[in-house]
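Numbering (this note's numbering), first residue to last: 17 to 478.
See below:
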């Protein structure tokens, strides 16, 4: 992250006890220097040219004395008109200073018009400490306010729904989670000091996340059955610090008594309700005869994508339904097809409804005859498929024209797309120019955006 250096109101927050990152300086402050800093009693002052000089970089330092008990964790906040640096020293029995932790400068993050920075650790033993607050540039002068408050850390205990705990991250840790009631849960791991990662395992669920919460916070949303789970708390990068972990049971969108079906055979003529749990959900659609099939995927939780594959067919749709819902309408031969529900945003979490409507179709897939223009029409989300037989190698031109919608053409062989075009023709018409070997091909006519209307399609040999 690029450090923000403009001169606006700045706020530096540090959670400390045993260690506050800083840099040891030539001419370190004396044990007798500085104001006494007590819990919940802010200290104010101003850094001027009269403060102690850090010879290595030309900055000036204000110092504070504080006492900590064994195991104390405190939050220290320093606000000024510049992005400052806090350094913590412990004092031995002779009053000599011992630098606590490695020298490090945290990045300042803008928040509520101020720049916020955090550091943290826990004191292994009580004693006297010296806190140094300095600028980062030789010209960093101005008023400041430094305060210290107690911090309760309880993040190592077992968790249940409704818990919110705080903890100190110094190494990857695993926390037990017990779920008593089936439902949809939201788990948040938040920190202003480091980029957290979160992993959930148990009862057949395996999910992980990095940045789906606010800023760089981690968030997992999952439908959980009663039982025991494991939460693994991690981080990106080398920073550590204080975190907050919360477990929230969300209001269920599943009607009482309604069972979730997350796979298996897809029934026709009725809706199926499912829940994405970190991966797409796949179903099998079995057709005994040629049919016109309409598939609809709807969700209030995510942006849907619907895939259909099988018997040489590979079709996909994103937003042909209402809003961000998906809809596919096409003619299919007898066979078994795989219908897959996706979250377009790749989170793959949330409730959805999937339906399949099947209408018998007796007519065979129409053939494209070179030089003959064929009219057609498309309903919302529908795709029309044509057979193109090529007796010998030749160059073909495929065109699809419409004044009602933006035309799209796909050319497939053995289920694989070998050519596609959107606006290669006039205006928004589609045009494909391809060299084809002898064999059978499939031409798919669709609309860009899932609109409806009439069209004309034609194949020509050049």
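For glycine and all other residues, C-beta sits at the position ideal for the given N, C-alpha and C.
It should be emphasised that the depicted structure is a prediction, and the values quoted were computed from it without experimental measurement.
Item: Burial state of residue 359 (16 or more Cβ within 10 Å); Value: buried
Item: Nearest to residue 316 (by Cα), restricted to the options 469, 435, 214, 366; Value: 366
Item: C-alpha distance - residue 146 paired with residue 189, whole-angstrom precision; Value: 31 Å
Item: Residue 457 to residue 208 span [Cα, whole Å]; Value: 57 Å
Item: Span separating the alpha-carbon of residue 421 from that of residue 292; Value: 33 Å
Item: Start and end residues, beta strand (DSSP E) containing residue 223; Value: 221-225
Item: Status (buried if at least 16 other CB within 10 Å, exposed otherwise) for residue 203; Value: buried
Item: Same chain only: Cβ atoms within 8 Å of residue 196, ignoring 5 sequence neighbours per side; Value: 176, 177, 242
Item: Start-to-end residues for the beta strand (DSSP E) that takes in residue 149; Value: 143-150
Item: Status (buried if at least 16 other CB within 10 Å, exposed otherwise) for residue 64; Value: exposed
Item: Spatial neighbours of residue 410 in its chain, beta-carbon cut-off 7 Å, leaving aside the 5 residues before and after; Value: 452, 477
Item: Per-residue DSSP class, three states only, for residue 97; Value: coil
Item: Option nearest residue 341 by Cα separation, candidates 254, 58, 397, 210; Value: 397
Item: Beta strand (DSSP E) segment containing residue 424, residue limits; Value: 423-429
Item: Boundaries of the beta strand (DSSP E) in which residue 350 is found, first to last residue; Value: Note, residue 350: premise wrong, no beta strand (DSSP E); not H, not E.
Item: Residue 200 versus 173, 239, 185, residue with shortest Cα-Cα distance; Value: 239
Item: Exposure label - residue 38; buried when at least 16 CB within 10 Å; Value: For residue 38, the predicted structure reports a pLDDT of 36, less than 50, and the residue's modelled location is therefore unreliable. A value from the coordinates is still provided. It counts as buried.
Item: Reduced DSSP category for residue 344 - H, G, I as helix; E, B as strand; rest coil; Value: strand
Item: CB-CB length for residue 276 against residue 289, believed under 8 Å; Value: 6 Å
Item: Residue nearest to residue 172 in terms of C-alpha spacing, selected from 166, 181, 165; Value: 181
Item: Euclidean distance between Cα positions of residue 389 and residue 473; Value: 6 Å
Item: Selection from 321, 220, 68 that minimises the alpha carbon distance to residue 157; Value: 68
Item: Where residue 80 sits in the DSSP three-state scheme; Value: strand
Item: CA-to-CA distance, residue 376 to residue 309, given in whole angstroms; Value: 9 Å
Item: Proximal residues to residue 435 (C-beta, below 7 Å), its chain only, five neighbours per side dropped; Value: 427, 448, 450
Item: Spatial neighbours of residue 218 in its chain, beta-carbon cut-off 8 Å, leaving aside the 5 residues before and after; Value: 193, 243, 244, 245, 246
Item: Selection from 51, 312, 168 that minimises the alpha carbon distance to residue 286; Value: 312
Item: Nearest candidate by alpha-carbon position, reference residue 104, set 144, 393, 170, 216; Value: 144
Item: Residue 71 classed as buried or exposed, judged by whether at least 16 other C-beta atoms fall within 10 angstroms; Value: exposed
Item: CB contact below 8 Å: residue 294 versus chain D; Value: Annotation note: the requested chain D is absent from the structure, which comprises a single protein chain.
Item: Enclosing beta strand (DSSP E) for residue 190 [first to last residue]; Value: 189-195
Item: Every unbroken beta strand (DSSP E) inside the region 197-265 [3 residues or more]; Value: 199-206, 211-218, 221-225, 234-240, 243-252, 257-265
Item: Status (buried if at least 16 other CB within 10 Å, exposed otherwise) for residue 304; Value: exposed
Item: Neighbourhood of residue 159 by C-beta distance below 6 Å, restricted to the same chain and skipping five residues each side; Value: 62
Item: C-alpha gap between residue 211 and residue 437, whole angstroms; Value: 42 Å
Item: Cα-Cα separation between residue 249 and residue 205, rounded to whole angstroms; Value: 8 Å
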